[in-house]
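Student: Our numbering numbers the first residue of the sequence shown as -18 and each following residue consecutively.
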Amino acid sequence: MILPGFIITLMLGGILSWIAARWGHLYARWISLLTLFANFIVAITVWVGNAGNADFFSNWALEFSVAWIPSFGINFHLALDGLSLLLLSLTFFLGTLAVLVSWKEIQEKTGLYHFCLLWVLAGITGVFLTMDLFLFYFFWEVMLIPMFFLILIWGHENRRYAAFKFFIFTQASGLLMLLSILGFYFIHGAQTGIYTFDYFEWLGTELPPQTAMWLMLGFLIAFVVKLPVVPFHAWLPDAHSEAPTAGSLVLAALMLKTGAYGLLRFILPLFHHAAMEIAPWAMAIDVVGAVYGALLAFSQTNLKRLVAYTSVSHMGFIMLGVFSFHEIALQGVVMQIMAHGISTGALFILAGMVYERIHTRDITQMGGFWKGMPFLGVMALVFTMATWGLPGLGNFVAEFLTLVGTWQVAPITTAIAAIGLVAATAYALRILQKVFYGPAPSGPNTLSDLTWREKIIMGTLVAAISWLGLYPQPVLDTSYGAVNTILHENNETGALREPYKKQEGIFTSIGKGGAHE
């Protein structure tokens, strides 16, 4: 019951927070905080308790399944492997910090706010766990609707425009995925006589090439819109710039990662050959997105929009790694998911902290903050360095693995993509220059530095990104079996539950602590 417990706890916690807010805002905050922290402790206990157990992470370690609507072949089917465990740990970790970030910022409709926040996280948790495609679509929608209200009710000046734009993009692409799910359901049923939405049953389904391509495109569009990838990125800057701080954190660090997870979990195993056909085009578009996002980030004057465009650039690297079909690059994708969630989430938190003090996001009205807020300046320095991939921080490991893997597949494409890393240095330095150095436009500032609550939040994030950069081996070991299985399970093998086969070479060395050279 651990797996459904994660989801049920979040949903019940959201309802209790909404009810408890009638007696005081503090009750809603504490219920929300304890709910997420409890889930985080359970996830970490599962992770640490099985550290070093390669068999645990290489197979589906935990599984839960009960009939939901058996007449239509719909089951409440959840399963967890190493990849799911990493993403759950990231979700509960950053979700806990999202509550702390909102502690003073949200003063109106607090109960409803924490209800929406916890239900968004419940939807994200369900996406990372479900093995029934109908249930997957259900959770895909569960995370969409509460986020719409988070932006619409607690956002900034243009929140209505941003909320509806976010909803239209993600809902329309989600409907395309629903059509593909239904198409796969009927094709599989016609072939086998068993009408089911179960992921395990779908593996190995033989699809005509043209049919496979159309079905894959329905999934792919939904996932690349959620990432997002150029040219489907138009909703992201508006949603980020208008959302409350915790909303931006959840969007950038978690919700975007559901698109990356969908690529790994569904596109590669279910549509292996169709994905290989479009891989050269996909990688070309990803390179354009990586460079284009970095250039747009450099040109922004709105601090949150600047950080939002950095996500567009980094998501291009995720797509590049996915469509390289290389083990090392896929390990880099997993590391990028983890490191980007922490580093970009931290930058949005910093942007929110600056906004609380000066009530503007315009960087042309900022400057000289280092002298008055040295702790905030140090935190900004750490995470801008992480964004441009400084060694010793998690983003460097992610980008290094991705580029090493893709270089062996498409060296020219990889070399062009590296320009995005150079551009990342430019926009990261621009943040430091405009916000923390130089003269303040309004004269010397007397702003207060971070409070103890804010220092705890940022210090925790610094510890996390440093751990990923200095000792990434636990993450690599945990994801190794899942990544290897995802890469090799396709329409012909369908070997989902078989243990992964160890492969000699650099990937085995990276993924298993140097056991093989």
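Beta carbons: idealized from backbone N, C-alpha and C, even for Gly.
Predicted model only: the values in this text are computed from it and were never measured.
1. Would you mind stating whether L287 and A275 have Cβ atoms separated by less than 8 Å?
2. Nearest by alpha-carbon distance to F120: which of L133, A103, I22 and W135 is it?
3. Which class does S154 belong to by DSSP, given the choice of helix, strand or coil?
4. Which value, in whole angstroms, describes the spacing of the CA atoms of E117 and K352?
5. In terms of DSSP beta bridges, what is D551 paired with?
6. Report the rounded CA-to-CA distance for I60 versus V47, giving the unit in angstroms.
7. DSSP state of T(-10), grouped into three classes?
8. Along the beta strand (DSSP E) that carries W369, what are the first and last residues, could you check?
9. DSSP three-state label for W448, please.
10. Alpha carbon to alpha carbon, how far is L114 from A327? Give it in angstroms, no decimals.
11. Thinking just about the alpha-carbon of each residue, which of E182, Y94 and A332 is nearest to the one in F130?
12. In terms of DSSP beta bridges, what is E44 paired with?
13. Between M264 and A379, is the Cβ-Cβ spacing less than 8 Å?
14. Measure the CB-CB distance between V272 and G401 and report whether it falls below 8 Å.
15. With DSSP run on the structure shown, which of helix, strand or coil describes I87?
16. Please report how far the alpha carbon of F(-13) lies from the alpha carbon of G(-6), in whole angstroms.
17. Which value, in whole angstroms, describes the spacing of the CA atoms of F170 and F53?
18. Can you give the Cα-Cα distance for L449 and W195, rounded to whole angstroms?
19. Please identify the residue among L(-9), F18, I132 and T111 whose C-alpha is closest to the C-alpha of L217.
20. Taking the DSSP output, what are the residues bridged to I132?
21. Near A407, which residues of its chain fall below 7 Å by C-beta distance, leaving aside the five closest residues on each side in sequence?
22. For A227 and S83, I'd like the C-alpha separation in whole angstroms.
23. Are the beta-carbon atoms of A241 and I318 separated by less than 8 Å?
24. Using a Cβ-Cβ distance cut-off of 8 Å, determine whether A19 contacts chain B.
25. Which residues share a DSSP beta bridge with A55?
26. Taking G313 as the reference, which of N31, I339, G370 and T282 has the closest Cα?
27. With C-beta atoms as the reference, is V303 less than 8 Å away from L384?
28. In whole angstroms, what separates the C-alpha of I446 from that of L81?
29. DSSP on T26, reduced to helix/strand/coil?
30. Thinking V210 and G270 are a contact (beta carbons under 8 Å), I'd like their distance in whole angstroms, please.
31. Given this structure, state the Cα-to-Cα distance separating A499 from S429, to the nearest angstrom.
32. Buried or exposed for M(-18), going by 16 or more other Cβ atoms inside 10 Å?
33. Look at the Cβ atom of L69, then the Cβ atom of T106, and state whether they are nearer than 8 Å.
34. Pick helix, strand or coil for D458, following the three-state DSSP scheme.
35. Just how far apart, CA to CA, sit D219 and G333?
36. So, using beta-carbon positions, are A9 and T91 closer together than 8 Å?
Tutor: Let me lay it out:
1. Residue mapping note: residue 287 aligns to position 306 of the sequence shown, counting from 1. Residue mapping note: residue 275 aligns to position 294 of the sequence shown, counting from 1. No, Cβ-Cβ distance for L287 and A275 is not below 8 Å.
2. Taking the sequence shown and counting its residues from 1, one reaches residue 120 at position 139. Considering only L133, A103, I22 and W135, the residue with the shortest C-alpha distance to F120 is A103.
3. On the sequence shown, position 173 is the one that residue 154 refers to. S154: helix per DSSP, three-state reduction.
4. Position 136 of the sequence shown holds residue 117. Position 371 of the sequence shown holds residue 352. What sits at residue 117 in the sequence shown is Phe, not Glu. Near 49 Å, if we compare the C-alpha coordinates of K352 and F117.
5. No answer is possible for residue 551: the residues shown for the chain start at -18 and end at 498.
6. Indexing the sequence shown from 1 puts residue 60 at position 79. Indexing the sequence shown from 1 puts residue 47 at position 66. Correcting the residue identity first, residue 60 is Ala in this sequence and not Ile. A60 and V47 have their C-alpha atoms some 12 Å from each other.
7. By one-based count along the sequence shown, residue -10 stands at place 9. If DSSP states are grouped into helix, strand and coil, T(-10) belongs with the helices.
8. Position 388 of the sequence shown, counted from the start, is the residue given in the question as residue 369. Looking at the DSSP string, W369 is not in any beta strand (DSSP E), and its letter there is neither H nor E.
9. The residue labelled residue 448 in the question sits at position 467 within the sequence shown. Three-state DSSP puts W448 in a helix.
10. Taking the sequence shown and counting its residues from 1, one reaches residue 327 at position 346. Taking the sequence shown and counting its residues from 1, one reaches residue 114 at position 133. A327 and L114: Cα-Cα distance of roughly 33 Å.
11. As a working note, residue 130 is residue 149 in the sequence shown. F130 has its Cα closest to that of Y94, out of E182, Y94 and A332.
12. Locating residue 44 in the sequence shown gives position 63, where the first residue counts as 1. Per DSSP, A60.
13. Position 283 of the sequence shown, counted from the start, is the residue given in the question as residue 264. Position 398 of the sequence shown, counted from the start, is the residue given in the question as residue 379. Contact: no.
14. Taking the first residue of the sequence shown as 1, we reach residue 272 at position 291. Taking the first residue of the sequence shown as 1, we reach residue 401 at position 420. A contact, by the Cβ cut-off of 8 Å.
15. Taking the sequence shown and counting its residues from 1, one reaches residue 87 at position 106. The answer is coil: DSSP assigns I87 none of H, G, I, E or B.
16. What you label residue -13 is simply residue 6 of the sequence shown in a count that begins at 1. What you label residue -6 is simply residue 13 of the sequence shown in a count that begins at 1. Those two C-alpha atoms are separated by around 11 Å.
17. What you label residue 170 is simply residue 189 of the sequence shown in a count that begins at 1. What you label residue 53 is simply residue 72 of the sequence shown in a count that begins at 1. Reading the sequence as shown, one finds Gly at residue 170 and not Phe. Our two residues, G170 and F53, have alpha carbons roughly 11 Å apart in a direct line.
18. For the purposes of this step, residue 449 is taken as the residue at position 468 of the sequence shown. For the purposes of this step, residue 195 is taken as the residue at position 214 of the sequence shown. One C-alpha to the other measures close to 38 Å.
19. One-based indexing of the sequence shown puts residue 217 at position 236. Per the C-alpha coordinates, the member of L(-9), F18, I132 and T111 positioned closest to L217 is I132.
20. For the purposes of this step, residue 132 is taken as the residue at position 151 of the sequence shown. None, per the DSSP bridge assignment.
21. As a working mapping, residue 407 is identified with position 426 in the sequence shown. The residues are F279.
22. Sequence index remark: in the sequence shown, residue 227 carries index 246 (1-based). Sequence index remark: in the sequence shown, residue 83 carries index 102 (1-based). Taking the straight line joining both Cα atoms gives about 6 Å.
23. Taking the sequence shown and counting its residues from 1, one reaches residue 241 at position 260. Taking the sequence shown and counting its residues from 1, one reaches residue 318 at position 337. At the C-beta level, A241 and I318 come within 8 Å of one another.
24. Protein chains in the displayed structure number just one, and chain B is not present.
25. For the purposes of this step, residue 55 is taken as the residue at position 74 of the sequence shown. Checking the sequence shown, residue 55 turns out to be Ile, not Ala. When DSSP reads this structure, I55 sits in a beta bridge with I50.
26. Start at 1 with the first residue of the sequence shown, and residue 313 comes out as number 332. Cα-wise, what sits closest to G313 is G370.
27. As a first step, residue 303 is located in the sequence shown; it is residue number 322 there, counting from the start. As a first step, residue 384 is located in the sequence shown; it is residue number 403 there, counting from the start. Result no, Cβ atoms of V303 and L384 do not sit closer than 8 Å.
28. On the sequence shown, residue 446 is found 465 positions in, with the first residue counted as 1. On the sequence shown, residue 81 is found 100 positions in, with the first residue counted as 1. So the two alpha carbons sit approximately 19 Å from each other.
29. If you number the sequence shown from 1, residue 26 lands on position 45. In the structure shown, T26 falls within a helical segment according to DSSP collapsed to helix, strand and coil.
30. Mapped onto the sequence shown, residue 210 falls at position 229. Mapped onto the sequence shown, residue 270 falls at position 289. In this structure V210 touches G270 by the C-beta definition: roughly 5 Å separates them, less than 8 Å.
31. No answer is possible for residue 499: the residues shown for the chain start at -18 and end at 498.
32. By one-based count along the sequence shown, residue -18 stands at place 1. A residue is called buried once 16 or more other Cβ atoms fall within 10 Å of its Cβ, and M(-18), having fewer, is exposed.
33. To locate residue 69, count along the sequence shown from 1; it is residue 88. To locate residue 106, count along the sequence shown from 1; it is residue 125. The answer is yes: Cβ separation under 8 Å.
34. Reading the sequence shown from its first residue, position 477 is the one you call residue 458. D458 carries a helical assignment under DSSP once its states are collapsed to helix, strand and coil.
35. For this step, residue 219 is matched to residue 238 along the sequence shown. For this step, residue 333 is matched to residue 352 along the sequence shown. D219 and G333 have their C-alpha atoms some 15 Å from each other.
36. Working through the sequence shown from its first residue, we reach residue 9 at position 28. Working through the sequence shown from its first residue, we reach residue 91 at position 110. For A9 and T91, yes; Cβs fall inside 8 Å.
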